[in-house]
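**Student:** Residue numbering for the sequence shown follows my numbering, beginning at 33 and increasing consecutively.
Ideal Cβ positions, reconstructed from N, Cα and C, are used throughout, including at glycine.
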Amino acid sequence: MVKSSTIKPRDWLVALSHLPGIGRQTLRMLLPYLSSLNSNHYSFTQCLPNQLRITPRMKKILNQATITFVQQVKLNLENNGITTITCLDDHFPLLLLEIPDPPLLLFVMGNTELLSCPLLAMVGTRIPTSYGRQSSYQLAYDLTKSGFVIVSGMARGIDTQAHYGALLAGRGTIAVLGSGVDIIYPNENRSLYMKIKQEGLLLSEYPPGTEPRRGLFPERNRIISGLCHGVIVVEAAIRSGSNITVDCALDQGREVFAVPGPIFSPQSEGPHNWIKQGARLITGIDDIVGEYPWSPIGHNQPENFDCCKENEVNLRQLLDIIENKQLTVDELCLELAIPLQAMIQRLLSLELKGEIRRLPGNRYERVLEQKSLTNGPSIINNRED
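1) Am I right that MET154 and ILE182 are in contact with their C-beta atoms under 8 Å? What's the rounded C-beta distance?
2) Would you identify the three-state DSSP class for ARG155, choosing helix, strand or coil?
3) Enumerate in chain order the residues of its own chain whose CB-to-CB distance from GLN193 is below 6 Å, with the five nearest sequence positions on each side excluded.
4) Report yes or no: do three or more beta-carbon pairs, one from the stretch 108-124 and one from the stretch 137-151, lie closer than 8 Å?
5) So is GLN284 buried or exposed if we call it buried at 16+ other beta carbons inside 10 Å?
6) In chain order, what residues of the same chain have a beta carbon less than 7 Å from the beta carbon of SER67, not counting five sequence neighbours either side?
7) What separation, rounded to the nearest whole angstrom, lies between the Cα atoms of ALA97 and TYR238?
8) In three-state terms, what does DSSP make of VAL46?
9) Count the other C-beta atoms from every protein chain shown that fall within 10 angstroms of the C-beta of PRO52, then say buried if there are 16 or more, exposed otherwise.
10) Taking Cβ to Cβ, would you say SER223 is nearer than 7 Å to PRO244?
11) Three or more C-beta pairs under 8 Å: does that hold for the stretch 223-232 against the stretch 251-270?
12) Who are the Cβ neighbours of THR161 in its own chain at under 6 Å, not counting the five residues just before and after it?
13) Going by DSSP in three states, MET186 sits in which element: helix, strand or coil?
14) Report the residue from VAL321, ILE255 and ARG348 whose alpha carbon sits nearest the alpha carbon of LEU147.
15) Can you tell me whether THR116 is buried or exposed? The criterion is at least 16 other CB atoms within 10 Å of its CB, across all chains shown.
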């Protein structure tokens, strides 16, 4: 059994997500009370203020959240090779913190370092043409070779081809599931699931054991786009799940790319519609890479791109730039000509030291000495802005 002294607020958050009837909205309401938990608390309800109004049904559910329950959840996850990333962790994907209704925690299996790489989503119909299969496979392969990591939903059709193309390129891929991370769906993708588990990353906001159902897939689509800098639509009907992902991407301020197809093909109607509405028409990866000038990607030298460590930037220089301006991450990357992940690492380091603060719209400003934060910024508060 896991020692109670090693239990942290993040572990209570993970355990609460396992309780029936506890969804994102309830977790968000309970989040502020996690910080007051310590090893002396036997149950979660001990940290709730008396004036907090919760229904008898909800109190009955929360009474199940005891230290024993938290220990058991943690042990079960460890035994099944499942790790968690919560909004209380420094390494939670920063792009996800920007989106409306972000997930508060992620269950993952595989290589979590992929989350630190530049990510692009690829989505499309479950019934692709041979042209669609070839396009998604080749684009995923070429983009992966160029340093991007492809994110998709492991559905049959375009998603499957995108994952296989990325895996062939040898840099892994990320599958965002509409079920528990331990559930294989569709079953025909069992071999793909196992390969991604070994060479890529499986990710879900739903607790292990959650079976796939219709309402979960539109929810997970916001994570597919939210993780990424852009979304590529290969083939899709006018009314499809892919269009939900595109809508999410636009709401989140992500770039949308669309692959044109035959004008008489129903599968081309979705991409053509988005192109008419301003999506970037692409015929190759040059049309995509050109949209991200902060990326040091070179087509002929993809091996030179290191997601986490390349192009160190002087922190003092960064502070000097932010001192007189409120700039976004992308604007800072352009001004200093360094990769996104190198910039995010520095910004997070400065934010945790209380030297800068993140504003709505993912802009950053310098915290002047007289306004310095005693205990550093709150990731939770930043997300709630």
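**Tutor:** Reading from the atomic positions:
1) One-based indexing of the sequence shown puts residue 154 at position 122. One-based indexing of the sequence shown puts residue 182 at position 150. About 6 Å separates the two Cβ atoms, so the contact holds.
2) Residue 155 sits at position 123 when you count from the first residue of the sequence shown. Note that residue 155 is Val in the sequence shown here, rather than Arg. Looking at VAL155 - three-state DSSP - the assignment turns out to be strand.
3) Taking the sequence shown and counting its residues from 1, the one referred to as residue 193 is at position 161. Here the set comprises ARG165, SER168 and TYR169.
4) yes
5) As a working note, residue 284 is residue 252 in the sequence shown. Burial call: buried.
6) By 1-based counting over the sequence shown, the position of residue 67 is 35. Cβ neighbours of SER67 beyond the five flanking positions: PRO41.
7) Taking the first residue of the sequence shown as position 1, residue 97 is located at position 65. Taking the first residue of the sequence shown as position 1, residue 238 is located at position 206. One C-alpha to the other measures close to 18 Å.
8) As a first step, residue 46 is located in the sequence shown; it is residue number 14 there, counting from the start. In the structure shown, VAL46 sits in a helix (DSSP, three-state: H, G or I).
9) Stepping through the sequence shown from its first residue, residue 52 is reached at position 20. By the neighbour-count rule (16 or more Cβ atoms within 10 Å), PRO52 is not buried but exposed.
10) The residue given as residue 223 occupies position 191 in the sequence shown. The residue given as residue 244 occupies position 212 in the sequence shown. Cβ atoms of SER223 and PRO244: not closer than 7 Å.
11) no
12) Translated into positions along the sequence shown, residue 161 becomes position 129. GLN299.
13) Here residue 186 corresponds to residue number 154 of the sequence shown, with the count starting at 1. DSSP places MET186 in coil when its eight states are reduced to three.
14) Mapped onto the sequence shown, residue 147 falls at position 115. Here the closest residue by C-alpha is ILE255.
15) By 1-based counting over the sequence shown, the position of residue 116 is 84. Result: buried.
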